[in-house]
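Protein chains in written order, with full-length UniProt numbering: chain A, 1 to 342; chain B, 1 to 311. Where a beta carbon is used, it is the ideal one built from N, C-alpha and C, also for glycine. No experiment lies behind these values; they were computed from the predicted model shown.
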């Protein structure tokens, strides 16, 4: 049956029942049917003799039994932060890896990064651990450690060949995200950063559903200044609102480009509608800062180096430090603890 | 069946987001139209549709007819001027409010993609360009499945794959090339977008996102490299505000002078919200990227013809 366009599923409904699906029935529901998704499905009086009884009875019921397991697994994680954007290529992964490195500068912090971009994982390359693999021990899967206090999990570590395409539909992606949360031995973490793919679909719903019980601190939204990008980002903020995820703030990436030869500043992705700051005001969310374009960031990402270590005095690095301290402020931490002056 | 009168179907793919799939689709469509072909653009990026914004037709709504949904007309064909018609279909036209999130899981997206492929009334169209979301997931699987089932091999010409030069992007785009290989979609070629930015003040070219990654990748995978497209803020300004691209005197692109003719009015300010009159396809001819895409489009057409004779 074709979906009706006039009445799309209400977003609230999709978010409230993210993983529940009506089992496929072999016959129409009888009168007095308790509902194939209900707790009594297959067990109620009216189910006797119904051709669907066995199907309904075997369908999983109630909340996902794995959610308490995930909550227990993540009990030692103090802060869980999502990095989201409706638009692709705005710098979600770059910002996630920079944020991870920034948090990890303080040796007392332990940081984990979970890459939920299943079809286009970028974190391993940016962290310089592309060819690593995940190790499984009695306690679960161990993250790949970039530094002593910085661990990463991504599907890239599970691929036999580096360039393999991951041609997966939604349910399979959800399964892997669950596995990352349930089976990875994160240990005690101060920060778990979750990098997401662009859009508002399976991965986002799953991350939200699985982490809801253990508590998400909030989401950092990344954008670039031009309206084509803001348009999609507005949708993402709308999603966060409806899903009850707190928006910790908006970061504007690629906001200015200063020519290395003549120091002339160009707005490459011109903010014709107020840019990130304008959108933050419009949506009533904190604006964490604007980070200029620096070709050295792209280079550091390609070579898997920490931009913070390589170019600590660049304007982009200073801007990023400003963003990190505003973010620390938002999650109730003292910026001086998170990013000690060196 | 809505695609029966479509001659060639070209997918625009990329594993990576934000590399310019939609802007490449837009420019291919404009260039094909300028070459006299009738063009349709189908946007199946369901959670982040950009195509309506690209053609400045965000407020349009789709009309239902007995023959199917009618695409939005950007401009009609003009045989005298040698310009083909350009029509567009996107999920963006179906949303009640532009800021609304579309929170759909896979099965719903699959149904929507199928409906877009079967229920849109394209009529006679030379080229149908399909703009896709990043990745290799539900939309892509459903798209290729439906196309392989419902269209002839002559119709499904292949895919133009877009990347940016840096290794972080090509790493994801290589996955897309493997997706094409696995699903049997022919790769017409690779376009490297955002390769270099020329400072408007001193003409120094900076490779913001490195350089050369697209060509190396195309060579590695033995597919055609269609060309590199530099960053041109004037193109973006044209899309965002409807301002005709203007270049300082002496700007040369491939030896052609792109600067405004002497005595031309300056037009509205860069920040002005007033759109200059004229069709997008006319304004685009003043853009420095138009000659670049003219070559790319010619190569794509040749590749499509070669594919036809091969199959």
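Can you give me the Cβ contacts of residue i inside the same chain, cut-off strictly under 6 Å, excluding the 5 residues immediately before and after it?
i, result
"residue 258 of chain B", "247, 251 and 288"
"residue 270 of chain B", "Annotation note: pLDDT 47 at residue 270 of chain B (below 50); position unreliable, coordinate value reported separately. Here the set comprises nothing."
"residue 197 of chain A", "117 and 203"
"residue 67 of chain A", "213"
"residue 52 of chain B", "58, 90 and 92"
"residue 192 of chain A", "77, 80 and 112"
"residue 6 of chain A", "With a pLDDT of 44 at residue 6 of chain A, under the threshold of 50, the predicted position of this residue should be treated as unreliable, though the coordinate-derived value follows. Cβ neighbours of residue 6 of chain A beyond the five flanking positions: none."
"residue 32 of chain A", "46"
"residue 283 of chain A", "237"
Buried or exposed, going by whether 16 or more other CB atoms sit within 10 Å of the CB of residue i?
i, result
"residue 47 of chain A", "buried"
"residue 256 of chain B", "exposed"
"residue 262 of chain B", "Residue confidence is low: residue 262 of chain B scores 48 on pLDDT, short of 50, so the model does not pin down where it sits. No coordinate-derived value is stated."
"residue 192 of chain B", "buried"
"residue 180 of chain B", "buried"
"residue 202 of chain B", "exposed"
"residue 97 of chain B", "exposed"
"residue 85 of chain A", "buried"
"residue 101 of chain A", "buried"
"residue 252 of chain A", "buried"
"residue 98 of chain A", "buried"
"residue 82 of chain B", "exposed"
"residue 26 of chain A", "exposed"
"residue 37 of chain B", "buried"
"residue 65 of chain B", "exposed"
"residue 186 of chain B", "buried"
"residue 337 of chain A", "exposed"
"residue 5 of chain B", "exposed"
"residue 233 of chain B", "buried"
"residue 167 of chain B", "buried"
"residue 270 of chain A", "buried"
"residue 305 of chain B", "exposed"
"residue 184 of chain B", "exposed"
"residue 208 of chain A", "buried"
"residue 232 of chain A", "buried"
"residue 173 of chain A", "buried"
Please list the partners that residue i has in chain B, where partner means a Cβ-to-Cβ separation under 9 Å.
i, result
"residue 228 of chain A", "22, 23, 50, 53, 54, 236, 239 and 240"
"residue 87 of chain A", "17, 18, 48 and 50"
For residue i, I'd like the list of residues in its chain whose CB is within less than 8 Å of its CB, leaving aside the five on either flank, ordered along the chain.
i, result
"residue 143 of chain B", "11, 44, 113, 117, 130 and 132"
"residue 208 of chain B", "194, 196, 197 and 231"
"residue 309 of chain A", "101"
"residue 227 of chain B", "191, 192, 292, 295, 296 and 299"
Which chain B residues are close to residue i, counting only those with a beta carbon under 8 Å from its beta carbon?
i, result
"residue 267 of chain A", "233"
"residue 259 of chain A", "199, 201, 202, 204 and 206"
"residue 264 of chain A", "199, 200, 201 and 202"
Closer than 8 Å by beta-carbon distance: list the chain A residues that pair up with residue i, in chain order.
i, result
"residue 223 of chain B", "Under the 8 Å cutoff, chain A gives no residues; its nearest Cβ is about 13 Å from residue 223 of chain B."
"residue 106 of chain B", "169, 170, 171, 201 and 202"
"residue 26 of chain B", "Per Cβ cutoff of 8 Å: no residues; residue 26 of chain B is ~10 Å from chain A at best."
"residue 175 of chain B", "119, 120, 163, 164, 165 and 166"
Our contact map puts residue i next to residue j with C-beta atoms below 8 Å; I'd like the distance itself, whole angstroms only.
i, j, result
"residue 216 of chain A", "residue 245 of chain A", "6 Å"
"residue 121 of chain B", "residue 67 of chain B", "4 Å"
"residue 242 of chain B", "residue 163 of chain B", "With a Cβ gap of about 29 Å, residue 242 of chain B and residue 163 of chain B do not count as contacting."
"residue 300 of chain B", "residue 160 of chain B", "6 Å"
"residue 101 of chain B", "residue 239 of chain A", "4 Å"
"residue 105 of chain A", "residue 339 of chain A", "7 Å"
"residue 301 of chain A", "residue 204 of chain B", "Not quite, the Cβ-Cβ distance comes to about 23 Å (not below 8 Å), so this is no contact."
"residue 292 of chain B", "residue 216 of chain B", "Contact flag wrong, Cβ pair sits at about 20 Å."
Below 9 Å on C-beta distance, what does residue i contact in chain A?
i, result
"residue 166 of chain B", "298, 299, 301 and 302"
"residue 192 of chain B", "Residues of chain A passing the Cβ test: none, with the nearest at roughly 14 Å."
"residue 76 of chain B", "Under the 9 Å cutoff, chain A gives no residues; its nearest Cβ is about 26 Å from residue 76 of chain B."
So, for residue i: in the same chain, excluding its five sequence neighbours on each side, which residues have a beta-carbon less than 7 Å away from its beta-carbon?
i, result
"residue 289 of chain A", "251, 319, 322, 323 and 326"
"residue 311 of chain B", "153 and 154"
"residue 139 of chain B", "44, 46, 109, 113, 132 and 133"
"residue 218 of chain B", "190, 224 and 225"
"residue 123 of chain A", "93, 96, 97, 113, 115, 152, 154 and 195"
"residue 136 of chain A", "none"
"residue 151 of chain B", "3 and 9"
Given that residue i touches chain A, what residues does it touch there, using C-beta distances under 7 Å?
i, result
"residue 57 of chain B", "What residue 57 of chain B touches in chain A: nothing, since even the nearest Cβ is about 13 Å away."
"residue 135 of chain B", "119, 120 and 197"
Which residues in chain B sit within 7 Å of residue i, going by Cβ to Cβ distance?
i, result
"residue 238 of chain A", "99, 100 and 101"
- Task: Can you check the segment 93-177 of chain B for any alpha helix (DSSP H) of at least 4 residues that lies completely inside it and give the ranges in chain order?
- Result: 106-119 and 138-150
- Task: Kindly provide the ranges of any beta strand (DSSP E) runs that are 3 or more residues long and lie completely inside the segment 243-296 of chain A, ordered along the chain.
- Result: Those beta strand (DSSP E) runs which fall completely within the segment 243-296 of chain A and span 3+ residues are 247-252 and 287-290.
- Query: What are the uninterrupted segments assigned as alpha helix (DSSP H) that are 4 or more residues long and contained completely in the segment 16-76 of chain B, given in chain order?
  - Reply: As far as the segment 16-76 of chain B is concerned, its whole alpha helix (DSSP H) runs of at least 4 residues are 21-34 and 51-54.
- Message: For a minimum of 4 consecutive residues, which ranges assigned as the alpha helix (DSSP H) are wholly contained in the segment 115-195 of chain A?
- Response: With a minimum length of 4 residues, the continuous alpha helix (DSSP H) runs that stay inside the segment 115-195 of chain A are 123-127 and 170-183.
- Query: Which parts of the segment 199-242 of chain B are runs of the alpha helix (DSSP H), unbroken and 4 residues or longer, counting only runs that do not cross its ends?
  - Reply: Within the segment 199-242 of chain B, the complete alpha helix (DSSP H) runs of at least 4 residues are 213-220 and 233-241.
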